[in-house]
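*Asks:* Provided herewith is a single structure, encoded as structure tokens, for subsequent inquiry.
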Amino acid sequence: MRLPLLAAVVAVAILLVAPFYFYSVTLMTIMCFVVFACSFNLLLGYSGLLCFGHAMFFGGAAYITGHLLKTTPMSLELAILCGGIFSGLLGLLIGVLSIRRQGIQFAMITLAFSQFVYFIFLQSSFTGGEDGMQAIPRNALFGLFDVSDNAVFYYVVLAVTLVCVFVYYRIVHSPYGEVLKAVRDNQPRVESLGFNPERVKLLAFVLSATMAGIAGGMKATVYQFATLTDASWPISAEVILMTLLGGLGTLTGPIFGAGIIIMLNDYLAGFGEWALISQGVILLVVIVFFRRGFVGEFDALTRYLRGRRAEAAVTKPENSVQAL
Amino acid sequence: MATIAAVAPPGANSAADITDKALVGEGLTKVFGGFAAVKDVNLSVRRGSIHALIGPNGAGKTTCFNLLTKTLTPTRGRILLDGEDISRMRTSDVARRGLVRSFQISAIFPHLTVLENVRVALQSSFGTGYQFWRSLRAVAPLNQRAEELLEQVGIQDNRDSPAAALSYGKKRALEIATTLALEPRVMLLDEPTAGMGHEDIEPITELIKRVAVGRTVLLVEHNLSVVSTLCDRITVLQHGEVLAEGSYQEVSNDQRVVEAYMGGIDE
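Set out below in structure tokens:
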């Protein structure tokens, strides 16, 4: 138990000084996608639900947060929270309509809904259509603190991300999380134990949508604009890639997955389409050779090494006994 | 036994009936696209007994079992649990009323630890199942009961290993511990020894006998030697209908049963 805590403390310490060494906007982008990927892992990794339209929660909340900041004097953190609540309600609506379906049917229904939501945003006037929503102001935090400078805003994003990751950790390691994992492993059995598995999954869907919304709202305030891209299906696909790459159903997998993909995109941006091609190749390699993802494979390796060491410790005395 | 009788709803048809019969199927019929897999089956399981449902392949055992466990809804007929009509209830509601089933393929949660498997079941009545904001300390009070249940089925040493790592026989034991966590009055077991090697069958039979004390058990089973050592009463199905009912002695001497099994899958 000590080691993960130590790792978390070191990670936070690194993040605190990171903007002095790296471009803060890239770091903030990574953090937005870390929250987004964590929300997605909550669904696919811990409930076994493949939502193929998670971008609607991300992009939708970006518009709502942006709109609130542009048209009202609402403070920054409330606007992001409202974005999350909007996505949570959208998730409740879509979840009620689709949660009974399983597997590929569920994926297709969520994809259809997300396309529907996408076209609503395309046609609406408040979103700016194809042009996107521009010049979103960063209203004062708590109505008091000016955060328009990126050097300062970085710490706001860091704080929100840490809270979200903690909430994600709490959900996974809660009494509910235990039931949720049981539903993922064997739904009929959970039902035979007196639970309503559909309600368990619906709650996961709403929680995940809310967290995806927070991520989207945060991204709108980082870039100070929101575009249709945020709500489009390639974003839904990208978050799947991040989660798979990091390690499905591992706690820290999506954090690494999001970091790796955003950095790759960043470094390969100059090569145009090569960025996409390399993503495709990476996904293929991961699915074929490293099915457990980055964190999953790392865990398996450490467990293997520890197992061998334990084995060596056990067999040695036995051998010496035999020798006697 | 007296306490259970007191719990049974008063004022239904006849008091003796209710206290005596834990689970009743009345005129159960299930039709699949014109084919009646189960036809007008009347079945009553006496409280406190171990009751077996047997029959040659395709006799409708599994369909009948699935009707009683609420996995399927009957086309016609009713199912009464302690006199209460449960024909239209969901599996989860029936489970909360004390009728819990097990599955043929060991129904465990492979990625949870052995203790967690049982704790999930205990959460069902503890009411923490939806509390996503609390830490696992909230369910720590359940650990002691979970450990007792693991001890009861003899797998307490595997407490912290992932359920997937258990041997086949221990998975079965874990499933029974999980079922017991709900304090079921009636347990429905679907081929508890299916796919088991010889060395595993005896301990599981012993285990079922041990946990059946004070409960009612209905099981579907192929292995007739298990049925003969375990069960008080046997219902034989053939072509979706009840062929015979009685003790093992009575049933095994019944000429129709012998004929039904001849050239069949008699073990």
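Protein sequence lines, in the order shown, are assigned to chains A and B.
To convert, note that position 198 of the first sequence is 198 in this note's numbering; the numbers rise steadily by one, no gaps.
When you read off a place in the second sequence, starting at 1, and then add 324, the result is the number in this note's numbering.
Using N, Cα and C, we set each Cβ at its ideal position, and we do this for glycine too.
Using a threshold of 9 Å, state whether the C-beta atoms of G358 (chain B) and H563 (chain B) are closer than that.
*Replies:* Their beta carbons are not under 9 Å apart, which means G358 (chain B) does not touch H563 (chain B) by this criterion.
*Asks:* Less than 9 Å between the beta carbons of L92 (chain A) and V183 (chain A), yes or no?
*Replies:* No.
*Asks:* Identify which residue in A:L193, A:L268, A:L89 and A:E198 has its Cα closest to the Cα of V424 (chain B).
*Replies:* Nearest C-alpha to V424 (chain B): A:L193.
*Asks:* Would you report the Cα separation of V321 (chain A) and P188 (chain A), rounded to the nearest angstrom?
*Replies:* Per-residue confidence for V321 (chain A) stands at a pLDDT of 43, beneath the threshold of 50, marking its modelled position as unreliable; the derived number appears in the next sentence. So the two alpha carbons sit approximately 50 Å from each other.
*Asks:* Checking contacts by CB at 9 Å: is L436 (chain B) closer than that to chain A?
*Replies:* Yes, its Cβ sits closer than 9 Å to a Cβ of chain A.
*Asks:* Quick one: which unbroken alpha helix (DSSP H) runs of 4-plus residues sit fully inside the segment 513 to 537 of chain B? Chain order, please.
*Replies:* Complete alpha helix (DSSP H) runs here, min 4: 522 to 535.
*Asks:* Does the Cβ of E238 (chain A) have 16 or more other Cβ atoms within 10 Å, making it buried, or fewer, making it exposed?
*Replies:* So E238 (chain A) counts as buried.
*Asks:* Kindly list, in the order they appear in chain A, the residues whose Cβ is closer than 8 Å to that of R425 (chain B).
*Replies:* Per Cβ cutoff of 8 Å: S192.
*Asks:* Below 8 Å, how does it come out for the segment 519 to 529 of chain B and the segment 464 to 473 of chain B: are there three or more Cβ pairs, yes or no?
*Replies:* No, they do not touch.
*Asks:* Among B:L542, B:V510, B:R443 and B:K495, which one has its Cα closest to the Cα of I528 (chain B)?
*Replies:* Among B:L542, B:V510, B:R443 and B:K495, the Cα nearest to that of I528 (chain B) belongs to B:K495.
*Asks:* Are any of the Cβ atoms in chain B nearer than 9 Å to that of R101 (chain A)?
*Replies:* It does not; no Cβ of chain B falls within 9 Å.
*Asks:* Classify H67 (chain A) as helix, strand or coil using the three-state DSSP reduction.
*Replies:* Note: H67 (chain A) maps to helix in three-state DSSP.
*Asks:* Write down every uninterrupted run of the beta strand (DSSP E) in the segment 411 to 498 of chain B whose length is 3 residues or greater and which is fully enclosed by it, in chain order.
*Replies:* Here the runs fully enclosed are 423 to 425.
*Asks:* Identify, in the order they occur along the chain, each residue of the same chain with its Cβ nearer than 8 Å to the Cβ of A135 (chain A), setting aside the five sequence neighbours on each side.
*Replies:* Taken in chain order, the residues that qualify are K70, Q224 and F225.
*Asks:* Please decide whether A326 (chain A) counts as near chain B, where near means a Cβ-Cβ distance under 9 Å.
*Replies:* With chain A covering 1 to 324 only, the question about residue 326 (chain A) has no answer from this structure.
*Asks:* Using a Cβ-Cβ cutoff of less than 7 Å, which residues in the same chain neighbour C555 (chain B) once the five nearest sequence positions on both sides are dropped?
*Replies:* For C555 (chain B), where only same-chain residues beyond five positions count, the Cβ hits under 7 Å are I374, H375, A376 and Y572.
*Asks:* Using a Cβ cut-off of 8 Å, pull out every chain A residue sitting near T452 (chain B), in sequence order please.
*Replies:* Neighbours of T452 (chain B) on chain A, chain order: P175 and Y176.
*Asks:* What are the boundary residues of the beta strand (DSSP E) that includes G257 (chain A)?
*Replies:* Element bounds for G257 (chain A): not the beta strand (DSSP E) but the alpha helix (DSSP H), G253 to L268.
*Asks:* Starting from L460 (chain B), find everything on chain C with Cβ-Cβ shorter than 9 Å and list it in chain order.
*Replies:* Absent here is chain C; the protein component of the structure consists of chains A and B.
*Asks:* Measuring straight from C-alpha to C-alpha, what distance separates T301 (chain A) and T252 (chain A)?
*Replies:* The amino acid occupying residue 301 (chain A) in the given sequence is Leu; Thr does not appear at that position. Near 16 Å, if we compare the C-alpha coordinates of T252 (chain A) and L301 (chain A).
*Asks:* Quick one: Cα of L324 (chain A) to Cα of L305 (chain A), how far?
*Replies:* Annotation note: pLDDT 40 at L324 (chain A) (below 50); position unreliable, coordinate value reported separately. Approximately 29 Å between the Cα atoms of the pair.
*Asks:* Helix, strand or coil for V147 (chain A)? Go by DSSP, reduced to three states.
*Replies:* Coil, per DSSP.
*Asks:* Leaving aside the five residues before and after R400 (chain B) along the sequence, list all residues of the same chain whose C-beta is less than 7 Å from its C-beta, in chain order.
*Replies:* So the qualifying residues of the chain are G351 and T353.
*Asks:* Just grab the DSSP bridge partners of F22 (chain A) for me.
*Replies:* DSSP, once it has assigned bridges, lists no residue as partnering F22 (chain A).
*Asks:* Taking Cβ positions only, does L506 (chain B) come closer than 9 Å to chain A?
*Replies:* Closer than 9 Å to some Cβ of chain A, the Cβ of L506 (chain B) qualifies, so yes.
*Asks:* Measure the Cβ-Cβ separation of V560 (chain B) and I378 (chain B) and say whether it is below 9 Å.
*Replies:* Yes; because the gap between Cβ atoms is below 9 Å, this pair is in contact.
*Asks:* Note down the Cα distance separating V285 (chain A) from L248 (chain A), rounded to an integer number of angstroms.
*Replies:* Rounded to the nearest angstrom, the two C-alpha atoms are 15 Å apart.
*Asks:* What residue range is occupied by the uninterrupted beta strand (DSSP E) comprising R400 (chain B)?
*Replies:* Per DSSP, R400 (chain B) belongs to the beta strand (DSSP E) from R400 to L405.
*Asks:* Assuming the contact rule is C-beta atoms closer than 8 Å, V156 (chain A) and L141 (chain A) should be a hit. Round their C-beta distance to whole Å, please.
*Replies:* At roughly 6 Å, the Cβ-Cβ gap stays under 8 Å, so V156 (chain A) and L141 (chain A) are in contact.
*Asks:* Identify whether D556 (chain B) lies in helix, strand or coil by the three-state DSSP scheme.
*Replies:* Residue state, collapsed to three classes: coil.
*Asks:* Can you find the residues in the same chain that come closer than 6 Å, C-beta to C-beta, to T387 (chain B), ignoring five residues on each side of it along the sequence?
*Replies:* K354, A361 and V362.
*Asks:* Who pairs with H375 (chain B) in a beta bridge, going by DSSP?
*Replies:* In DSSP, H375 (chain B) forms a bridge with B:L542 and B:R557.
*Asks:* Does any C-beta atom of chain B lie closer than 9 Å to the C-beta of A13 (chain A)?
*Replies:* A13 (chain A) does not count as touching chain B.
*Asks:* Between G338 (chain A) and A37 (chain A), which are expected to be in contact by the criterion C-beta below 8 Å, what is the C-beta distance as a whole number of angstroms?
*Replies:* Missing from the structure shown is residue 338 (chain A); chain A here goes from 1 to 324 and no further.
*Asks:* Compare the beta carbon distance of F106 (chain A) and L49 (chain A) with 9 Å and say whether it is the shorter of the two.
*Replies:* The answer is yes: Cβ separation under 9 Å.
*Asks:* At what residues does the beta strand (DSSP E) containing N186 (chain A) begin and finish?
*Replies:* Note, N186 (chain A): premise wrong, no beta strand (DSSP E); not H, not E.
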